[in-house]
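Chains as they are written, first to last, in my numbering: chain C, 2 to 554; chain A, -5 to 316. One structure is given below, encoded as structure tokens.
Laid out in structure tokens, this is it:
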């Protein structure tokens, strides 16, 4: 019997046996959501999501984990949002229109959310927002400028994401945020800042209900952190009705939401740690969405009836940090050689199953001002070898590549890279680092080579390059330092002129691509595996779901 | 000089002849045992085959066990890749036959180290168990320390040790040795407690033979049989532990061919239908551990004087099965 006949036997095959066993295991895991229940759920207004983890905290100030950002996007609202457009490559999906629109105010295609109007002063140093009157929080308190003020004051007083989010706007003092009326709030910055509006869209900057937060605040916890860890106090479309960490979170819609009650009456966010089990649950119809599967699992799902897989271009990137302070990676030619040696096409095909794109630049290719005209690192081992020889490493060298044990794609990429480097005399030792300590390894910046996966949430070249290539940034994990780059990034973040910004960031990309502080690998796509009758998937550059987008059709 | 040499050589030759005769008898007895109980023979055949194949791996492996080839990733078993390829295109067969070099080496070394230390300490502890003074105190302290060590789940303890010492082959050997020491310690101690009260040991003591010589020459050789039986079982178990540590990422570094890490690397593909990167190393692991288990059982049989006598009863080596 050959392997094809085994695999395609309609009666009994190993694959069927394995799938059957897994489905049985999955059924046991989720007894309340059997296949018959799922059939009923198909017509229902209940959304069941199988996720790797439940939210650890609902206070986004101190938590950026996957479950948390999915929750925050549905519990809270921002002042502004981008207009939605159909995804040009995946018609069933929508995405934010983040392009530069010279015909629109401030060159952005924005839409009011909690703010119904907004303006920026002619010198670009004041942004004023006129809030929508009559908007109620989930605690029944009306939205006022005091809520926005309290929200930003909180950022300045806490030590989580807030100082960074305020810092990119050059806001460091409370008096830079001024209440001008019950529904009018203004932000004052010392120099023109092109991020003033974009930051109001950022998932990290939702507006809190200050009345409720002040009620629950204590002397020890004046910013209501303990309350917001388990509860929400915002103006978003959902409220959390149950949060059992490690098991599930349940969300209910608000009938008094100012944009109308969302379609889904119940959202169950179920923790299913193993991706194989999430896959089985989706295949069996027990859940509507299986999050963060492995690339090969998505490929398998494409053949399953009743399941759809949407893979949209995203802001993620996966790369290897080349520590520019550690020999031999302080040498540009060595860094370039490493880039030429990576078998990128093989990685995209075998590891990502073509669910990623070649990373041909240093900012996401979906962001404004991105250019790939400085890309030159298609795999070329001869070129890599000659660059090493020019750098004085004719016989190669030894180094260690650290990778995250919890990330299923990093080990196979590392093995492919190791095999390729062996051909040019570079002996790479692979160091598997437990997921719990991996980010310590990254942030200490003491590894010669280490994987990194990240996404700049604000669709702006200044924001992206500031994060990774400004020598003073805490995320500059490759220790990259170039004074011209620092200056260009800074001046680009102090002008509203789109042409000047484009010029600046094109030059930044040219320098960074030439000096190669990273081994550029891939832009993985954001992939949503869902029941095919679930519609409305919208991609955000913060890479999170928002339950209010979904409906059945 | 020639006369003196002659007188020295004669007893030596006689001794060697005796040893050779005993060895020949032992071998005949051993092969007879395997013929009578072929089930045990399977264990020796399995382990011998695994050891020989792994030694010959560089000559018979068709591909490098650590080189990825993206053009053939996840290929099912074919004539060019007998057991298929894994998710990075590495040949499963080549890796499978190289793997015992790591698994066996770690397990055998770890077990030997633990057996030597455990046996020595166990003999000392047993000998001084009820002695007065500091030696007794120390003996009891060692036993309580062994209790503490054994109170930890072995696997968790081994992971902790590897985490402390760093991820390397030496750390794995050390971890395996460390978690196994209490087993040999207890085993030898119980043997010594029985033997130390026998007349010939008392006689040696009365004649003023030093304690260390009594332990080393008169007690340990007579109590070692259960330790030897335990060795083989323990090697099998240590292979499992090595594989388990690699499976959870605390073992050898990728892409070193090792059964546990091969199972772990192939595991995500099982759900998508590519079972071969995981199942074949799993089978190899199970069969090898089974082989060591059979050898352990056979040693237990051979070390038991009553069963040995029964087997050798009757005419020469013919077993008495009545």
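By construction, the Cβ of each residue, glycine as well, lies at the ideal position given by its N, Cα and C atoms. Every value quoted in this text rests on a predicted model; they were computed, and no experiment measured them.
Listed as beta-bridge partners of residue 403 (chain C) by DSSP are C:432, C:451.
The Cβ atoms of residue 98 (chain A) and residue 87 (chain A) do not sit closer than 7 Å to each other.
Between residue 480 (chain C) and the set C:322, C:466, C:127, C:406, the nearest pair of CA atoms involves C:322. Sequence-ordered contacts of the segment 213 to 244 of chain A with chain C read 243 [C-beta pairs closer than 8 Å].
Beta bridge pairing from DSSP links residue 207 (chain C) with no other residue. Taking a cut-off of 8 Å on C-beta distances, the segment 229 to 237 of chain A does not touch the segment 57 to 71 of chain A, as fewer than three cross pairs fall below it. If the five residues before and after residue 105 (chain A) are omitted, its C-beta is found closer than 8 Å to the C-beta atoms of 170, 171, 174, 225, 228, 229, 232, all from its own chain and listed in chain order. Between the segment 201 to 211 of chain C and the segment 68 to 83 of chain C, the count of Cβ pairs shorter than 8 Å is three or higher; the stretches touch.
Neighbours of residue 347 (chain C) in chain A, taken as residues at a C-beta separation under 7 Å, are given in chain order as 64. Chain-order list of chain C residues neighbouring residue 263 (chain A): 297, by C-beta distance under 7 Å. Inclusion of residue 276 (chain C) and residue 297 (chain C) in the CB contact set at 7 Å is not warranted, their separation being larger than that value.
The closest CA to that of residue 415 (chain C), considering only C:429, C:424, C:266, is found on C:429. In terms of beta-carbon proximity, residue 428 (chain C) stays away from the interface with chain A, with every pair separated by 7 Å or more. Sequence-ordered contacts of the segment 74 to 95 of chain A with chain C read 81, 82, 83, 84 [C-beta pairs closer than 8 Å]. Look at residue 187 (chain C) here: in three-state DSSP terms it is strand. For residue 322 (chain C), there is no enclosing alpha helix (DSSP H); the enclosing beta strand (DSSP E) covers residues 318 to 323.
With respect to chain A, the C-beta atom of residue 309 (chain C) has no partner C-beta closer than 7 Å. A Cβ of chain C is located within less than 7 Å of the beta carbon of residue 247 (chain A). Here the alpha carbon of residue 509 (chain C) sits roughly 42 Å from the alpha carbon of residue 273 (chain C).
Taking 7 Å as the cut-off, the beta carbon of residue 373 (chain C) is found closer than this to the beta carbon of residue 362 (chain C). Not flagged as an interface residue toward chain C: residue 48 (chain A), since no C-beta distance is shorter than 7 Å. In the three-state reduction of the DSSP assignment, residue 242 (chain C) falls in the strand class.
The C-beta distance from residue 190 (chain C) to residue 177 (chain C) rounds to 7 Å, short enough to fall under 8 Å.
Among the residues facing chain A, residue 53 (chain C) is not included, as its CB has no counterpart in that chain under 7 Å away. Per DSSP, reduced to three states, the secondary structure at residue 193 (chain A) is helical. 7 Å or more divides the Cβ of residue 69 (chain C) from the Cβ of residue 89 (chain C).
Residue 54 (chain A) and residue 420 (chain C) have their C-alpha atoms roughly 21 Å apart.
Residue pairing by DSSP puts residue 311 (chain C) in a beta bridge opposite C:529. Within the segment 241 to 289 of chain C, the runs of beta strand (DSSP E) at least 3 residues long that lie entirely inside it are, in chain order, 249 to 254, 267 to 272. Between the segment 354 to 370 of chain C and the segment 449 to 468 of chain C there are three or more inter-stretch CB-CB distances shorter than 8 Å, so the stretches are counted as touching.
With three or more CB-CB distances shorter than 8 Å, the segment 511 to 525 of chain C counts as touching the segment 307 to 321 of chain C. Here residue 376 (chain C) carries a coil assignment [DSSP, helix/strand/coil].
The beta carbons of residue 478 (chain C) and residue 453 (chain C) sit about 6 Å from each other, so the pair counts as a contact at 8 Å.
Put simply, the CB of residue 399 (chain C) is far from chain A, with every gap to its CB atoms at 7 Å or more.
When Cβ-Cβ separations below 7 Å define contact, residue 61 (chain A) makes contact with chain C. Residues of chain A whose Cβ lies closer than 9 Å to the Cβ of residue 435 (chain C) are, in chain order, 157, 243, 244.
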